[in-house]
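Residue numbers for the sequence shown follow our numbering, so the first one is 2 and each next one is one higher. No residue lacks a Cβ here, since even glycine has one placed at the ideal position from N, Cα and C. Working notes for the structure below.
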Amino acid sequence: FAHELNFIVSPWIMFALLIHQLLLVAEVFQLALTAGTGFAILKHFMSIIGVLSQSLLLCWLGDRLIHQTLVVESKALYLFIYSFIFQSLRVNAAAYSCKWYDQTTRFKQLLLMVIRRTQQPVKLTAGHFYDINIEKFDQ
């Protein structure tokens, strides 16, 4: 599921981040050209904050996907959606704790594949080049 999600979302995230960077450069350039009027400076400054907050939101959501659990609140109903990394760690532990040593060689090979697959962290990327997380936002 995570691979398909990343395949679909990754180009759009890359496009959004590129647009955010272009808007940020344009707004900083316009801010540098603004001739001292307080309202114009405030307008460009608020636009810069808006663009940065959109990029931060994308990176924050990617970081939450990797590290934490998401909590969705719907009126009186709390639905806990565990992040993929937490689920994969649980699958890894559950697979290893089964009585694999009493099983067939084919079962052991398949179980080894499952364990290997769950050891790789799930992450969102932008254009399959750039991991989306808070650390990348700081750069």
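- Taking C-alpha positions only, Trp101 is separated from Lys109 by approximately 6 Å.
- By the criterion of at least three beta-carbon pairs nearer than 8 Å, the stretch 13-28 is in contact with the stretch 51-61.
- Residues Ile116, Thr119 of the same chain have their beta carbon placed closer than 6 Å to that of Asn93, with the five preceding and five following residues left out of the count.
- As summarised for the stretch 25-49, there are no continuous beta strand (DSSP E) elements at least 3 residues long confined to that stretch.
- For Gln110, the enclosing alpha helix (DSSP H) begins and ends at 106-119.
- When DSSP states are grouped into helix, strand and coil, Cys60 belongs to the helix group.
- Excluding its 5 nearest sequence neighbours in each direction, Ser98 has no C-beta neighbour in its own chain below 6 Å.
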